[in-house]
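What follows is a single structure, written as structure tokens, with notes after it.
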Amino acid sequence: MIKTLVAIEVDLASSMAIRYACQLGNLVDLELYPVYVKQPSSEVPTTGVGWVRRTWEREIVAAGKEEIQEMLAAEMKSCPVLMEPQVIYGDREYELLKIMEHDHFDLYVEGAPYPFTPANIYHRLHQKFYQHLGTPLIWLRVLRKINQLLVVCQDPADVKALLAAINQIWAGCPTPVHLGVPPPAGYDEALRREVAAAREALEAAGCQVSVKEIPAQTAGESLPEVTTEYGLVAVCLKRDVKKDSPQLQWLSQVKAPLLVVLR
99 MIKTLVAIEV DLASSMAIRY ACQLGNLVDL ELYPVYVKQP SSEVPTTGVG WVRRTWEREI
159 VAAGKEEIQE MLAAEMKSCP VLMEPQVIYG DREYELLKIM EHDHFDLYVE GAPYPFTPAN
219 IYHRLHQKFY QHLGTPLIWL RVLRKINQLL VVCQDPADVK ALLAAINQIW AGCPTPVHLG
279 VPPPAGYDEA LRREVAAARE ALEAAGCQVS VKEIPAQTAG ESLPEVTTEY GLVAVCLKRD
339 VKKDSPQLQW LSQVKAPLLV VLR
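In this text, residue positions in the sequence shown follow this note's numbering: the first is 99, and each later residue adds one.
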């Protein structure tokens, strides 16, 4: 069972994240745990006795439950792997980090940063929560049918990190997996060995795997054109990725759902 935390807000991106996670739950063995963190606003009382503040917080949480129940009503009926939503009052980043530290999750799902620009991606990834996140994450900016998975294999170390995640999530899934390798000029022996090992391991786990040549990550806008064929694109990023990294430039143009592995 792949225990999955889905961070939601009352917005379109979160609605897509829940619907996509439910779709994924029909393909692989998932349990989905939605959580909604209601953040403090300027209206929160900063003075007075403790029970006043606690009463205010309880009211905020109750209101949050109503908001989320309304948004999730349709999915709760049709998605048996979706658990009751948890509503928490506090700082979003702090509360999510606390949940991940105190409970074991295998996957994290949320709406993608908006607008999906290199600067916003960089800012999100360098927040404390993501720097400490030990699981793969899925970012949703569009909703797609999960017809096939593209694993971007451009670096031997990235392939190792991606294999561990894909092997855990995708084992036994009938949806095809394509290992996307660069053109011959960038496809050296070290990368060839890692891709061959990844293919062998995934096939042993019951996956349908093939190798496909795709443009290198430095090829500008050509890679996102390739990804339009896929319902999920898996990439690996370094936690200390630079703001001007070519990876962030092409990543910002990919309109498919993204599975991101941080290393």
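Just so you know, even glycine gets a beta-carbon here, dropped at the ideal spot from N, CA and C.
Q167 and P183 have their alpha carbons spaced roughly 8 Å apart. Inside the segment 195 to 268, DSSP marks whole alpha helix (DSSP H) runs of 4 or more residues at positions 216 to 223, 226 to 230, 254 to 268, from first to last along the chain. In the DSSP assignment, I100 falls outside any alpha helix (DSSP H) and within the unbroken beta strand (DSSP E) covering 100 to 105. Restricting attention to I116, R117, S112, L130, the CA atom closest to the CA of M99 is found in L130. Residue pairing by DSSP places V309 opposite L277 in a beta bridge. For a cut-off of 8 Å, the C-beta gap from L289 to D342 is around 24 Å, too long to register as a contact. Comparing C-alpha distances from L357 to each of V339, K340, P280, Y328 shows the shortest one belongs to Y328. Beta-bridge analysis with DSSP links E129 to K101. Between I186 and the set I264, L125, E157, T325, the nearest pair of CA atoms involves E157. About 6 Å separates the Cβ atoms of I267 and V126, confirming a contact at the 8 Å cut-off.
V352 sits in coil when the DSSP states are folded into three classes, being neither helix nor strand.
Residue range 330 to 335 is occupied by the beta strand (DSSP E) that includes A332.
Ranked by how close their Cα comes to the Cα of K310, the residues Q246, Q121, A269 have Q246 in first place. DSSP lists I236, A332 as the bridge partner or partners of L357. For L330, the CB contacts under 7 Å within the same chain, skipping 5 residues up- and downstream, are I244, L247, A354, P355, L357 in chain order. In the DSSP assignment, Q184 falls within the unbroken beta strand (DSSP E) covering 184 to 187. Each residue's CA atom was taken as its position, placing I312 and V104 some 31 Å apart.
9 Å or more divides the Cβ of C271 from the Cβ of G232.
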